[in-house]
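Asks: Residue numbers for the sequence shown follow this note's numbering, beginning at 2 and rising by one. Before I ask anything, here is the structure I am working with.
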Amino acid sequence: MAVTSAGVLAGAAALGLLAVGAVGAAYGTSDGSGATSGSGSAGVGVGAGAGEGLVLRVHGRFAPPGSFVPSTALTYDRTLVPAGAWIVVEQEAGRAGTVVRARVGGVKAGHAFGAHVHTEPCDAAPDQAGPHYRHHADPAGVAEAANEVWLDFTTDATGQATVEARHDWGFRRGSANSLVLHREQGGAGARVACFTIPFGGYGTP
């Protein structure tokens, strides 16, 4: 597994089909997020060709739980993840495995965030996103990057970062549903934000 520092929709949402390999669509904004305007916005694009694999792209802007305009991207700590900060997550899955990429902007500059794929969708309570997604069940509950999807990143002076994780396995269908941002890097830590993502399963029952 290599890491490089590079569904349910609520509120204003957009759903589009993308051809496999054509990750991204004409969502552009001046901040480069690909997210539409508004702190509660969210959108998703998916594509799958026969035998070719799966491509997913989801974007949103963080908002506090209970906001007038709901969002699938929730912030629990507005000091680290202010309302209006944006996130874009992409997944590519095929016979060779799974790649997950994340880009963030508008979050606290120069901060080292932990980030992991979790099992459940986000909710008002941070712990509702469940535990880390694990490829193999671990009765001891040990957090390790090889068995999970870790996307830890450190933001630059503008509050932006890009990160990527690769595995030679795919998600179990319906078992990976969010990306949680943690206050610290590593296996655990306080949950400061959460983004609901309908990660797709490929090659794994």
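A virtual CB, placed ideally from N, CA and C, is assigned to each residue, including glycine. In this text the structure is predicted, and so the values were computed from the model without any measurement.
Measuring alpha carbon to alpha carbon, tell me which of 178, 167 and 189 ends up nearest residue 96.
Replies: Walking along the sequence shown from the start, residue 96 turns up at place 95. For residue 96, the nearest C-alpha among the options comes from 167.
Asks: What's the C-alpha gap between residue 193 and residue 54?
Replies: For this step, residue 193 is matched to residue 192 along the sequence shown. For this step, residue 54 is matched to residue 53 along the sequence shown. So the alpha carbons of these two residues sit roughly 32 Å apart.
Asks: On the three-state DSSP scale, how would you describe residue 84?
Replies: Taking the sequence shown and counting its residues from 1, one reaches residue 84 at position 83. Reduced to three states, the DSSP call for residue 84 is coil.
Asks: Going by DSSP in three states, residue 103 sits in which element: helix, strand or coil?
Replies: Here residue 103 refers to the residue found at position 102 of the sequence shown. DSSP places residue 103 in strand when its eight states are reduced to three.
Asks: Under 9 Å, do residue 158 and residue 116 count as touching if we go by C-beta distance?
Replies: Sequence index remark: in the sequence shown, residue 158 carries index 157 (1-based). Sequence index remark: in the sequence shown, residue 116 carries index 115 (1-based). No. Outside cutoff.
Asks: Going by C-alpha distance, which of 153, 135, 107 and 120 is nearest residue 185?
Replies: Here the question's residue 185 lines up with position 184 in the sequence shown. With respect to the C-alpha of residue 185, the residue from 153, 135, 107 and 120 having the closest C-alpha is 153.
Asks: Excluding the 5 residues preceding and the 5 following residue 41 in the sequence, name in chain order all residues of the same chain whose CB lies nearer than 7 Å to its CB.
Replies: Start at 1 with the first residue of the sequence shown, and residue 41 comes out as number 40. With a pLDDT of 44 at residue 41, under the threshold of 50, the predicted position of this residue should be treated as unreliable, though the coordinate-derived value follows. Apart from sequence neighbours up to five positions away, the residues of its chain that approach residue 41 with a beta-carbon distance below 7 Å are 12, 13, 62, 64, 68, 70, 71 and 72, ordered along the chain.
Asks: For the beta strand (DSSP E) that residue 61 lies in, which residues bound it at each end?
Replies: For the purposes of this step, residue 61 is taken as the residue at position 60 of the sequence shown. That run of the beta strand (DSSP E) goes 54–62.
Asks: Using only the alpha-carbon positions, how far apart do residue 118 and residue 101 sit?
Replies: The residue you call residue 118 lines up with position 117 of the sequence shown. The residue you call residue 101 lines up with position 100 of the sequence shown. Cα to Cα, residue 118 sits roughly 9 Å from residue 101.
Asks: Whole angstroms is fine: what's the gap from residue 126's alpha carbon to residue 151's?
Replies: Here residue 126 is taken as the residue at index 125 of the sequence shown, counted from 1. Here residue 151 is taken as the residue at index 150 of the sequence shown, counted from 1. Rounded to whole angstroms, residue 126 to residue 151 spans 22 Å at the Cα level.
Asks: Could you give the residue range of the beta strand (DSSP E) that holds residue 164?
Replies: For the purposes of this step, residue 164 is taken as residue 163 along the sequence shown, with counting starting at 1. Start and end: 162–168.
Asks: Using a 10 Å radius around the Cβ and a threshold of 16 neighbouring Cβ atoms, would you call residue 197 buried or exposed?
Replies: Walking along the sequence shown from the start, residue 197 turns up at place 196. So residue 197 counts as buried.
Asks: Using the Cα positions of residue 130 and residue 177, report the straight-line distance between them to the nearest angstrom.
Replies: Working through the sequence shown from its first residue, we reach residue 130 at position 129. Working through the sequence shown from its first residue, we reach residue 177 at position 176. Approximately 10 Å between the Cα atoms of the pair.
Asks: Is the separation between the beta-carbon of residue 133 and that of residue 120 shorter than 9 Å?
Replies: On the sequence shown, position 132 is the one that residue 133 refers to. On the sequence shown, position 119 is the one that residue 120 refers to. The answer is yes: Cβ separation under 9 Å.
Asks: Considering just the uninterrupted stretch of the beta strand (DSSP E) at residue 180, what are its terminal residues?
Replies: By 1-based counting over the sequence shown, the position of residue 180 is 179. Unbroken beta strand (DSSP E) run through residue 180: 179–183.
Asks: Look at the alpha carbon of residue 175 and the alpha carbon of residue 80, and state the distance between them as a whole number of angstroms.
Replies: Counting from 1 along the sequence shown, the entry for residue 175 is found at position 174. Counting from 1 along the sequence shown, the entry for residue 80 is found at position 79. Rounded to whole angstroms, residue 175 to residue 80 spans 32 Å at the Cα level.
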